[in-house]
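Sequential numbering from 1 applies to the sequence shown in the UniProt record's numbering.
Each remark here refers to the structure printed beneath this line.
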Amino acid sequence: MDLNAVTDHIRNAVGDNSGLGKTVKLDLGDVGKIFIDGASVPNSVTNDDKPADATVSMKWDDFVALSEGKLDPMMAFMQGKLKIAGDMMIAQKLAPLLKR
């Protein structure tokens, strides 16, 4: 699994209308970024590094574990493995889109 595969997976999960209504950026460190524009119609998912309503930052390995269900999002947050800047409510809506 690489950034392009994850971006494509999220793009398919988001579809034309994710219901997010806002923008979210996944900052995966050196691996790259995934920008979800849930405010535009249709929604779009790119690897652009743009300002977002919420930014979720985590290491690639932790992201993979989270997406595979091996890491609980709440535990990751409590342990500092997952950091959220901006609107936390949007970040919570993101969880179902990340499952593999």
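Glycine included, each C-beta is placed from N, C-alpha and C at the ideal position.
Please read these numbers as outputs of a predicted model, since none were measured by experiment.
If we call anything under 9 Å between Cβ atoms a contact, is residue i one with residue j?
i, j, result
"Ile10", "Leu97", "yes"
"Asn12", "Pro42", "no"
"Leu66", "Leu28", "no"
"Leu20", "Ala39", "yes"
"Asp62", "Ala85", "no"
Around the C-beta of residue i, are 16 or more other C-beta atoms found within 10 angstroms, so that it is buried, or is it exposed?
i, result
"Lys25", "buried"
"Ala95", "exposed"
"Ala91", "buried"
Within a Cβ cutoff of 8 Å, which residues of the same chain sit near residue i, ignoring the five residues on either side of it in sequence?
i, result
"Thr7", "Ile34, Val45, Thr46 and Asn47"
"Lys59", "Leu28, Gly29 and Lys81"
"Asp87", "Lys22, Asp53 and Ala54"
Under 7 Å Cβ to Cβ from residue i, same chain only, skipping five residues before and after it: list those, please.
i, result
"Asp37", "Thr23, Asn43 and Ser44"
"Val64", "Met1"
Under 6 Å Cβ to Cβ from residue i, same chain only, skipping five residues before and after it: list those, please.
i, result
"Lys50", "Phe35"
query = Using 8 Å as the Cβ pair cut-off and three pairs as the minimum, do the region 18 to 33 and the region 55 to 74 touch?
reply = yes
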